[in-house]
Amino acid sequence: MKITVVGTGNMGSAFAKQLSGAGHVVRITGRDIQKAEALAAQFEQVTAFTADQALGDSDVVVLATAYADAVAALQNLGDLTGKVVIDITNPLSADYMSLTIGHVTSASEEIAKAVPQAQIVKAFNTLFAQVLGDGPTFANHQRGSVFVASDSERAKQTAIALARSLGWNTVDTGGLINARYLEPLAGLNIYLGYGAGLGTSIAPVWLNK
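Sequential numbering of the sequence shown, starting at 1283, is according to my numbering.
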């Protein structure tokens, strides 16, 4: 796939690494173009662009910013009509120990309202950057899960295909409204990692017998 990654922080860096390793063509952008260029230089098939040039002919946009910056970052890309946007954000408080919205809406739903021309899909939000960067294999041959929610079947299947290309198991969690469950799940994972001291090599997984 041709993919635009918005964000050059820990998650954006992890996506650049994994997408490049899987053979995807990546355009990356962020608030600091020099940081984007330095990141792109580390990986094959990754090129840095300013925001207004970053969309290009990409099939997919990975939104790897903070939730507070998400809408503006997407709008800076230009015309997103028909584009699949994978939203990995979580509406976290300043101390990362709670969510700023929930119950009656979610980060994904608010982004979808603000950028209605795009096809928003929630995915990858339950993974720490370290876990994403290291890949889907855990101890004892366990394989991690990516939970996917969208009102667009095309967006959902695109995100599922992308996650599987990186080696992850996937769980179809229904419509975008279920981001209201996935974002608190990410919050629990963050609490366990930092608040409970389990570290950042953990992730929630769905098991089948």
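Positions of the beta carbon are idealized from the N, C-alpha and C atoms, including for glycine.
On a predicted model such as this, the values are computed, not experimentally measured, just so you know.
Rounded separation between residue i and residue j - CA only
| i | j | result |
| --- | --- | --- |
| residue 1294 | residue 1378 | 18 angstroms |
| residue 1308 | residue 1466 | 29 angstroms |
| residue 1380 | residue 1367 | 25 angstroms |
| residue 1396 | residue 1374 | 19 angstroms |
| residue 1237 | residue 1414 | There is simply no residue 1237 to check, as the chain begins at 1283 and stops at 1491 in what is shown. |
| residue 1296 | residue 1321 | 10 angstroms |
| residue 1419 | residue 1341 | 27 angstroms |
| residue 1478 | residue 1403 | 30 angstroms |
| residue 1407 | residue 1431 | 11 angstroms |
| residue 1468 | residue 1372 | 7 angstroms |
| residue 1312 | residue 1421 | 34 angstroms |
Residue i - DSSP class collapsed to helix/strand/coil
| i | result |
| --- | --- |
| residue 1491 | coil |
| residue 1374 | strand |
| residue 1470 | helix |
| residue 1448 | coil |
| residue 1356 | helix |
| residue 1480 | coil |
| residue 1381 | strand |
| residue 1464 | helix |
| residue 1414 | helix |
| residue 1475 | helix |
| residue 1389 | helix |
| residue 1321 | helix |
| residue 1351 | helix |
In DSSP terms, what residue i is bridged to
| i | result |
| --- | --- |
| residue 1309 | 1286 and 1329 |
| residue 1295 | In DSSP, residue 1295 forms no bridge with anything. |
| residue 1401 | 1366 |
| residue 1430 | 1454 |
| residue 1425 | 1419 |
| residue 1344 | 1287 and 1368 |
Selection from the options that minimises the alpha carbon distance to residue i
| i | options | result |
| --- | --- | --- |
| residue 1464 | 1409, 1440, 1479 and 1437 | 1409 |
| residue 1288 | 1391, 1440, 1353 and 1438 | 1353 |
| residue 1343 | 1327, 1479, 1285 and 1478 | 1285 |
| residue 1360 | 1339, 1421, 1405 and 1319 | 1339 |
| residue 1461 | 1438, 1301, 1417 and 1365 | 1438 |
| residue 1302 | 1444, 1469 and 1435 | 1444 |
| residue 1459 | 1349, 1387 and 1355 | 1387 |
| residue 1306 | 1312, 1433 and 1325 | 1325 |
| residue 1412 | 1312, 1491 and 1481 | 1481 |
| residue 1489 | 1470, 1472, 1457 and 1453 | 1453 |
Cβ-Cβ separation, residue j to residue i (assumed contact under 8 angstroms), whole Å
| i | j | result |
| --- | --- | --- |
| residue 1363 | residue 1399 | 4 angstroms |
| residue 1485 | residue 1449 | Not a contact, Cβ separation roughly 13 angstroms. |
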